[in-house]
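**Student:** Under full-length UniProt numbering, think of the first position of the sequence shown as 1, with each following residue one higher.
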Amino acid sequence: MGNSSSKSTVKPQYKPDVPPAFRFSRERHMVLSANGNELQCFPTERSLEVCKSALLSGSRLTLSPGALGVPLLGLERRGSLPQGDGYDMPYCSIYKCVLQSSTEPPSHKNSEILLRDDAQIVYKVPFCEVTKRTWSEGRRATYKMKVSTIDGIQIIEMAQHRWGYDLDTKLGSWNVQWHDKGFETVNLITIPEGMPSFLDDDETRIRKCKKKTKAPASEKYMCAKLVSTGKTYSPTVFATLAHLCVGEIDMEVDPHSYGLVNVPWYSQIIACMGLIVCNIQLERRNELNDGRAVTRREALLRDITRGYRDQATSPWLYAYNMGN
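#1: Pull up the distance between the alpha-carbon of Ser228 and that of Ala242, whole angstroms please.
#2: What's the C-alpha gap between Asp151 and Glu49?
#3: Taking the Cβ atom as the reference point for each residue, do Ala239 and Leu73 lie within a distance shorter than 7 angstroms?
#4: Work out the CA separation of Pro71 and Leu288 for me, nearest whole Å.
#5: Please classify Glu219: does DSSP put it in a helix, a strand, or coil?
#6: Taking C-alpha atoms, which residue in Trp265, Lys231 and Cys97 lies nearest to Gly247?
#7: When the Cα atoms are used, what is the spatial distance from Met322 to Tyr143?
#8: Comparing the CB of Phe42 with every heavy atom of the ligand ADP, is any distance shorter than 6 angstroms?
#9: Less than 7 angstroms between the C-beta atoms of Thr185 and Tyr221, yes or no?
#10: For the stretch 161-232, list the alpha helix (DSSP H) runs that are entirely contained and at least 4 residues long, ordered along the chain.
#11: Looking at chain B, is there any beta carbon in it that lies within less than 7 angstroms of the beta carbon of Asn289?
#12: Is it the case that the Cβ atoms of Cys128 and Ile155 are separated by a distance below 7 angstroms?
#13: With a threshold of 16 other CB atoms inside 10 Å of the CB of Cys51, please say whether the residue is buried or exposed.
#14: Going by other Cβ atoms of all chains shown within 10 Å of its Cβ, with 16 needed for buried, is Pro255 buried or exposed?
#15: In whole angstroms, what is the alpha-carbon distance linking Glu18 and Glu219?
#16: Pairing CB atoms from the stretch 53-61 with CB atoms from the stretch 30-41, are three or more of them under 8 angstroms?
#17: Within the same chain, show all residues whose beta-carbon is closer than 6 angstroms to that of Met145, passing over the 5 residues directly before and after it, in chain order.
#18: From what residue to what residue does the beta strand (DSSP E) around Glu248 run?
#19: To the nearest angstrom, how far is the alpha carbon of Asp250 from that of Thr169?
#20: Compute the Euclidean distance between the alpha carbons of Asn279 and Arg78, then round it to the nearest angstrom.
#21: Would you mind working out which of Tyr14, Thr62 and Thr149 sits nearest Val122, comparing C-alpha positions?
#22: From the DSSP output, in three-state form, read off Phe24 for me.
#23: Looking at His179: is its Cβ nearer than 7 angstroms to the Cβ of Asp166?
#24: Keeping to the same chain, check which residues put their C-beta closer than 7 angstroms to that of Gln281; ignore five residues upstream and five downstream.
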């Protein structure tokens with residue numbers, strides 16, 4: 001894809017009923033990676049490559065053009081807190097890296113300087129605070145994003161389905177859903193008009209459910225795709241965790257811009273959601289691995305209490321010794 005912020009795609013022949021907002025003509029390929037206790041989103045694949053190259057060579061990143069090598073967003077994970085049903089608990093914080101002229105004042109009062117040269121400065125700016133609320137004894141959760149904008153705080157919610165891992169949310173005025181396709185793939189698709197969303201109030205949701213109509217697939221427009229690498233959280237610096245492909249239209253993006261420059265607003269919001277979805281996937285894998293470890297320990301103790309004396313007669317004890 002080179003250095004460009006997004007690349008042109010072969011324009012499909014959209015049907016007349018497809019809204020202009022979903023007639024994408026460009027694609028932005030972002031990369032989600034691990035860095036210490038953070039998940040970071042790089043605006044392009046090239047930006048991550050520049051970051052890794054600078055790290056290996058020990059060289060300093062240059063801020064022109066567009067601060068290539070600097071992540072667009074970073075998710076700072078919170079420690080595990082006791083989750084009580086019906087309470088908003090701090091979940092994570094997301095910051096944004098902003099490139100400005102050195103003559104301009106910081107865009108946020110809590111800005112922190114990350115990099116600078118004679119002409120430009122990269123600020124680390126608070127962008128989004130996320131809380132989590134659980135229901136049904138933890139089987140359902142809602143993630144509330146409080147996004148900082150020029151006009152104040154914008155609230156966006158992501159409501160998890162009780163059975164499964166789909167998340168209903170909104171993108172502007174559109175009802176959309178992060179739909180788990182399996183095989184580490186999650187698509188961001190629109191929810192057709194008339195179909196229920198978990199963000200609907202009870203009355204609206206009941207009314208929509210009574211219709212019992214199934215929307216055709218042609219009415220579901222895909223906005224983005226998150227493809228995970230399937231890794232559990234790794235302390236390896238800049239280990240790639242997922243790829244995020246976001247659809248953009250020509251009027252939103254400057255094809256000649258680089259790095260942090262001119263990233264469309266909705267691409268930033270989708271990237272925020274993508275970081276949250278990626279973190280949820282990591283938590284899910286860790287819980288699965290912890291469950292397997294507990295099962296293994298229980299089997300080991302059971303074998304011991306039954307009178308096994310050596311690893312030759314206990315496969316679990318043998319496996320335990322091999323792993324330690």
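Ideal Cβ placement from N, Cα and C applies to all residues, glycine included. Predicted, not measured: the structure shown is a model, and the values here were computed from it.
**Tutor:** Checking against the coordinates, here is how it stands:
#1: As a working note, residue 228 is residue 228 in the sequence shown. As a working note, residue 242 is residue 242 in the sequence shown. Cα to Cα, the separation comes out at about 4 angstroms.
#2: The residue given as residue 151 occupies position 151 in the sequence shown. The residue given as residue 49 occupies position 49 in the sequence shown. Near 35 angstroms, if we compare the C-alpha coordinates of Glu49 and Asp151.
#3: The residue given as residue 239 occupies position 239 in the sequence shown. The residue given as residue 73 occupies position 73 in the sequence shown. It is not a contact, given that the beta carbons lie outside the stated cut-off.
#4: Residue 288 sits at position 288 when you count from the first residue of the sequence shown. Residue 71 sits at position 71 when you count from the first residue of the sequence shown. About 30 angstroms.
#5: Here residue 219 refers to the residue found at position 219 of the sequence shown. Three-state result, Glu219: helix.
#6: Sequence index remark: in the sequence shown, residue 247 carries index 247 (1-based). Ranking Trp265, Lys231 and Cys97 by Cα distance to Gly247 puts Trp265 first.
#7: If you number the sequence shown from 1, residue 322 lands on position 322. If you number the sequence shown from 1, residue 143 lands on position 143. Low local confidence applies: a pLDDT of 45 at Met322 is under 50, so the model's placement there is unreliable, and no value is given.
#8: Looking for the ligand ADP in the displayed structure turns up nothing, as the structure carries no ligands at all.
#9: By one-based count along the sequence shown, residue 185 stands at place 185. By one-based count along the sequence shown, residue 221 stands at place 221. Contact flag unset, no.
#10: 202-211
#11: Judged by its chain identifiers, the structure shown contains no chain B, having just a single protein chain.
#12: Your numbering for residue 128 matches position 128 in the sequence shown. Your numbering for residue 155 matches position 155 in the sequence shown. No, they are not a contact pair.
#13: For the purposes of this step, residue 51 is taken as the residue at position 51 of the sequence shown. Looking at its Cβ environment, which holds 16 or more other Cβ atoms inside 10 Å, Cys51 is buried.
#14: The sequence position of residue 255 within the sequence shown is 255, counting from 1. It is exposed - the Cβ of Pro255 has fewer than 16 other Cβ atoms within 10 Å.
#15: Locating residue 18 in the sequence shown gives position 18, where the first residue counts as 1. Locating residue 219 in the sequence shown gives position 219, where the first residue counts as 1. This sequence places Val at residue 18; Glu is not what is there. Cα-Cα distance, rounded: 8 angstroms.
#16: no
#17: Numbered from its first residue, the sequence shown carries residue 145 at position 145. Cβ neighbours of Met145 beyond the five flanking positions: Cys128, Val130 and Ile156.
#18: Walking along the sequence shown from the start, residue 248 turns up at place 248. From DSSP, the beta strand (DSSP E) with Glu248 extends over Ala239 to Glu248.
#19: Locating residue 250 in the sequence shown gives position 250, counting from the first residue. Locating residue 169 in the sequence shown gives position 169, counting from the first residue. One C-alpha to the other measures close to 25 angstroms.
#20: Here the question's residue 279 lines up with position 279 in the sequence shown. Here the question's residue 78 lines up with position 78 in the sequence shown. Going from the Cα of Asn279 to the Cα of Arg78 covers about 11 angstroms.
#21: The residue labelled residue 122 in the question sits at position 122 within the sequence shown. The option with the nearest alpha carbon to Val122 is Thr62.
#22: As a working note, residue 24 is residue 24 in the sequence shown. Coil.
#23: Here residue 179 refers to the residue found at position 179 of the sequence shown. Here residue 166 refers to the residue found at position 166 of the sequence shown. Taking 7 angstroms as the Cβ cut-off, His179 and Asp166 qualify as a contacting pair.
#24: Indexing the sequence shown from 1 puts residue 281 at position 281. Excluding positions up to five away in sequence, the list reads Ser228.
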